[in-house]
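Inspection log for the structure reproduced underneath, given as structure tokens.
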Amino acid sequence: MTDSRSVTTEATNAVAAAREALEILSPPSAIQGAITVKDDGAEIVREVETAEETLSPIVKTIDVGAFMEKVEMFFKIVDVISEVHPYAKMALSLVKGAYAIVQNQVQRDQKIQDLFAQMTSLYDIVDDLKRQLEDGGIKSSTELLARICKQTIDCCYFIRSYASPGFMQRMAKSTFSTTVDKRISEYGDAFKSLKDEFYGKLHIETRVIVSRVLSDVKRLETKSDLSDISYSRESSLGPSKGCLPGTREEPLERMTTWANSDSHDQPSILVLTGPAGTGKSALAHTMAHQFRELGRLGSSFGFVRTDPTLSNDSTRRIEFLFPTIALGLADFDENIRDALWAAVGKSKEKRTTQDLSLQFDNLIAKPLKSVVLSGPVLIVIDALDECGEAQTREQLLLILKMCAGDLPLNIRLLITSRPEDDILTHLQDSAHIRKWRMDEISSSDQTFQDISLYTRYRLISSRPSKLEGIDEECCRQLAIKSQGLFQWASVACSQITAPNRAGSSPRERYEMLVEGGSGPSVDQESILDALYRKILQQLFPKDSTTEVEMARFKSILAAVLASFEPLALESLNILRKASNDASAPYVDAKIILQYLGSLLSGVTASDSHIPIRPLHTSFRDFLTNKQRGLDFFIDKIAVLQAHERLGLASLARRVAFSPDGAQVGYALGNGTIGVWYIESGSTRTIAESIFGPTSDDDVCLTFSPDGRNLIVGSGGGTVRSWDMSTGDASGAILYQSIMKSRFESITFLADGTLVACGYNEQTIEICQWNAATLQLIGKPLRIEAGSRVYAVGMSSDGRYVAAALVPDIIHLWVLPEGTPVGVPVSVPWRPVWRITFPPDGSHFASAGWRGVDVMEITPTGPVLEVSLQGHTGLVRGLVYSPDGRHIFTCSVDCTIRKWDAHSTDKPDLIIHQYTSSIVGVHISHDGTIASVFEDGTTANGR
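Number 942 marks the last residue of the sequence shown (UniProt numbering); no jumps.
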């Protein structure tokens, strides 16, 4: 059962907007008009050309408001029924678009008006449906209500086709006109029968009329025999592997809207990419099932990765794809079957060829050109990446890019795939192809809710008897642990509920998953391990991979796992090159990483700027566990050695890479500033404690865009630049603050401006330099805060600066003018010592004594959104997670805590507790937490 509240609100708002639009529409021109009807909710954009002299819109014969109110109420009532819900939302969108079309459509004849009148009459049942609901619940057949939705959907498809440009020209042909008249009559009869069936006047089930093809293909004298065309019986997609009802509604709605649109602005091919385990296939199976139920699924095909040396008998190979789709379309409609036979019936060679180009042209493109389709026809291809090696699928990708765009607009091709580099490269820059990533079509919060529903279903609601020790909180913790991967949640639930597992209870297995590691690590044959192993074995076959290649794989992956803060490919290569073992030649990490797009972020051509990290921590566990990783096991000693070599990368705020990758500037804990020359591996000390004994707390540094200068700001009020090309160790002072400002932030903005921000006493000081000349731009901006400043923070885009002042207030200014944003916010009884911004700059967090305050930035000033309390001492370290969802803090109370950045509903979690006061905390993209202690020691963990 779905949550009816949000759906009801959405439907109410959408219909209200549609009704308002309908009421203000004017009749079409008596000569010719181009009327555009746009429904933002359904993305329906249609140009209706009228050329009749005497026209009258249907609105004159039907009460617009009354009809739309009936439609609104009907779908509001039935939307809460899970079996009806997908079709109710789809029907509502299409009714609004179709009604607007018909309202402004020419009165070509009375029949189209009579059809819409029949649809209007059907929805008179809504009054009785309301009475059923008020009397204790809906008593009408769920299956009947679903058929009403489906019949409405298909009729709206037909009306859209009826109103499309060029329709009147086709109507001049007698055979086409006869087919259209027949369809109109069938729809009218179906609406009348559905109404009679609702009131018990008809005791047979009304068949849903589906108009797929509006043109009749010339019938052949001989029966078409297509039996020698290859067909894969095992590749069809079905509901058993689909989404759990009530989950994935956000991406399904977006995909359905795309499939239903017949706008020329909408690409006909949708490629959905995402890493292993994110639920792509479940979405593909669900879309296939829903459109099959509507009579709108042309065909479906799911690839399965197989060993090419053992798969000669498999029918899920690439050569079976187009023949299977062709036969699916032939079964979909007899007119397409006749068109297919007309194209290949006289040539056995055309029917049996293994060439993909000939298959596509003869079996799909030519037959579809000879028919006129009404409404969408969906074709689903799942797991494209598993159809073979890159070389094998190259021809298929070229066909999709170069030829598939010429198919009829009604053909909608949905493809799912892991983000393999060759697939992304081939399918880019094509107007008829749209690429969506899984994280683009579903928010992280919604995915978390969906996985929570899934785990609750598997562990609680679907169980014949209660699992001892498993409750709602367990489901929530598993959803958190899954990190957005449905596959992980599925494996975890299977392990917890595994029958006849001696020696452990479901609760113990749950605790092992949540507390002992990031995944089901004890089961060598678990689905997730098998998934990782299958991917890697495909890339590195045991019988053909050399020792050198495997050594490179392990060396490069060890560097990826060792990087405390995940690095982008260029930065990773810089550090690897500098620390390379002289006994082995250095190789670019891309030689291995570019093929691991389904397991790692930042390794495909389009994502090379993104830090490289495992998409799920269970992949790290898989690689570093000998029993799980087997041939791909990476010894933790190797990881530790790589970590030691790459140790500078963990000091993220005190390290800077030159743009050309030749040098790394760093600041050590003792105040030493130095440069690491990548080519030679040597280092040079620039200055030792040049900023005084406390410089290690306040040093910030960056390279100029041309890489020639290293710029360092300090807590003593000095900003210096060193010319890396001259080797001059003295450096040039770019600015000496007469206020002796404590510079805590220095960065280059997108426009090339260098900005440094600091403070002293009651003044905030912000300096700007020209990036090319390093000349100070104007005078430093000094913001008089009006009282003593305790902490400042600047957003990464240089737009805002926030400051904590005495007595316990926080001001916000917008840069570069330094104009106050609204009024300050008070934080009574909580002196602030740290301020930080999330990546998107929409909020900021402040920390001080015992807690954290999260402020939302509004035009009227900062507004306290949530107050997080739990520490028992001063908070000395504060950082946002990379996605901005969580805040990590450390305190003199010897704890590191994790908080939900926008909610107090979830209690703070004590990640670690130590015996020494903690002065700093940092979190990496893979969840590793590093801490710095009062005594100067460091630690990291999870």
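The beta carbon of each residue, even a glycine, is placed where N, CA and C say it ideally should be.
Does PRO376 pass the burial test, meaning 16 or more other C-beta atoms within 10 Å, or should it be called exposed?
Taking every protein chain shown into account, the CB of PRO376 has 16 or more other CB atoms within 10 angstroms, so this residue is buried.
Alpha carbon to alpha carbon, what distance is there between PHE67 and LEU567?
Approximately 59 Å between the Cα atoms of the pair.
Check this for me: beta carbons of SER268 and HIS432, under 8 Å apart or not?
It is a contact, given that the beta carbons lie within the stated cut-off.
Between which residues of its own chain and GLY692 is the CB-CB distance below 7 Å, once the five residues before and five after are set aside?
In this prediction, GLY692 has a pLDDT of 49, which is less than 50 and means its spatial position is unreliable; nothing more can be read from the coordinates.
ALA756: which of ARG720, VAL675, ASP196 and ALA288 sits nearest, CA to CA?
Checking every option, the nearest Cα to that of ALA756 belongs to ARG720.
Nearest to LEU557 by CA position, among LYS534, SER601, LEU528 and VAL832, is which residue?
Checking every option, the nearest Cα to that of LEU557 belongs to SER601.
Assuming SER846 and ILE896 are in contact, meaning their beta carbons sit under 8 Å apart, how far apart are those beta carbons, in whole angstroms?
The C-beta distance from SER846 to ILE896 rounds to 18 Å, too long to fall under 8 Å, and the pair is not in contact.
Inspect the beta-carbon positions of GLU761 and ARG782 and report whether they are closer than 8 Å.
No, the pair does not count as a contact, with Cβ atoms beyond the cut-off.
Cutting at 8 Å between CB atoms, please list the residues of its own chain near LEU358, excluding the five before and the five after it.
Within the same chain, LEU358 has close Cβ partners LYS350.
Would you identify the three-state DSSP class for ALA939, choosing helix, strand or coil?
Only weak support exists for where ALA939 lies, its pLDDT of 45 falling under 50; the value from the coordinates is given anyway. Three-state DSSP puts ALA939 in a strand.
How long is the line joining the alpha carbons of LEU92 and ALA117, rounded to whole angstroms?
When rounded, the distance between both Cα atoms is 17 Å.
Please list, in chain order, all residues of the same chain as SER193 whose beta carbon is under 8 Å from its beta carbon, the five residues on each side excluded.
Only LEU202 and THR206 meet the Cβ criterion.
If we ignore side chains and look at the alpha-carbon of each, how far apart do GLY629 and MET550 end up?
Using only the alpha carbons, I get a separation of about 13 Å.
Per DSSP, ILE809 is paired with what?
DSSP, once it has assigned bridges, lists LEU805 and SER826 as partnering ILE809.
From this set, ASP382, ARG476 and ARG317, which residue's C-alpha is nearest SER299's C-alpha?
The candidate whose alpha carbon is nearest that of SER299 is ASP382.
Buried versus exposed, by CB contacts within 10 Å (16 or more), ILE733
ILE733 should be labelled exposed.
Spatial neighbours of ASP797 within its chain, please: C-beta separation below 6 Å, excluding the five flanking residues on both sides.
So the list reads GLY841, once near-sequence residues are dropped.
In terms of alpha-carbon separation, which member of GLY246, ASP135 and VAL126 lies closest to PHE198?
The residue with the shortest Cα to Cα distance from PHE198 is VAL126.
Quick check: LEU327 and LEU226, are their CB atoms within less than 8 Å of each other?
In contact: LEU327 and LEU226 (Cβ atoms closer than 8 Å).
Close beta carbons around LEU237, own chain, < 7 Å, minus the five adjacent residues each side
Excluding positions up to five away in sequence, the list reads ALA284, HIS285, ALA288, SER300, GLY302, VAL380 and ASP382.
Hey, could you find the ends of the beta strand (DSSP E) HIS426 is sitting in?
DSSP places HIS426 outside any beta strand (DSSP E); the residue lies instead in the alpha helix (DSSP H), whose first and last residues are 421-426.
Assign SER461 to one of two classes, buried (16 or more other C-beta atoms within 10 Å of its C-beta) or exposed (fewer than that).
That one is exposed.
Going by DSSP in three states, HIS289 sits in which element: helix, strand or coil?
Three-state result, HIS289: helix.
Could you round the C-beta distance between ARG254 and ILE415 to whole angstroms and report it? I think they count as a contact, below 8 Å.
The C-beta distance from ARG254 to ILE415 rounds to 15 Å, too long to meet the 8 Å contact threshold.
Assign ALA479 to one of two classes, buried (16 or more other C-beta atoms within 10 Å of its C-beta) or exposed (fewer than that).
By the neighbour-count rule (16 or more Cβ atoms within 10 Å), ALA479 is buried.
Here's the rule I'm using: 16 or more other beta-carbon atoms within 10 Å means buried, otherwise exposed. How should SER240 be labelled?
By the 10 Å Cβ count, SER240 comes out exposed.
Check whether LEU812 and GLY861 have beta carbons under 8 Å apart:
Yes, they are a contact pair.
Say the cut is 7 Å; is the CB of ILE153 nearer than that to a heavy atom of the ligand GDP?
No copy of the ligand GDP occurs in the structure displayed, which carries no ligand at all.
Rounded to whole angstroms, what's the CA-CA distance from ILE325 to GLY345? Just pull it up for me.
The straight-line gap from Cα to Cα measures roughly 17 Å.
ARG337 burial status per 10 Å Cβ neighbour count (16 or more: buried):
It is buried - the Cβ of ARG337 has at least 16 other Cβ atoms within 10 Å.
Using the Cβ count rule (16 or more neighbours within 10 Å means buried), how would you classify ILE204?
Answer is exposed; the Cβ neighbour count stays below 16.
What whole-angstrom Cβ distance do LEU397 and ILE364 have, given they're in contact under 8 Å?
Incorrect: roughly 16 Å between the Cβ atoms, too far for contact.
Below 8 Å between beta carbons: does that hold for SER374 and SER185?
The answer is no: Cβ separation not under 8 Å.
Inter-residue CB distance, SER494 and TRP488 (contact presumed, cutoff 8 Å)
Your pair SER494 and TRP488 does not check out as a contact, with CB atoms roughly 11 Å apart and the cut at 8 Å.
Cβ separation of TYR790 and ALA802, assumed to be a contact under 8 Å, to the nearest whole Å:
Cβ-Cβ separation between TYR790 and ALA802: approximately 12 Å, too far for a contact (criterion under 8 Å).
Considering only the beta carbon of each residue, do GLY713 and TRP722 sit closer than 8 Å?
No, they are not a contact pair.
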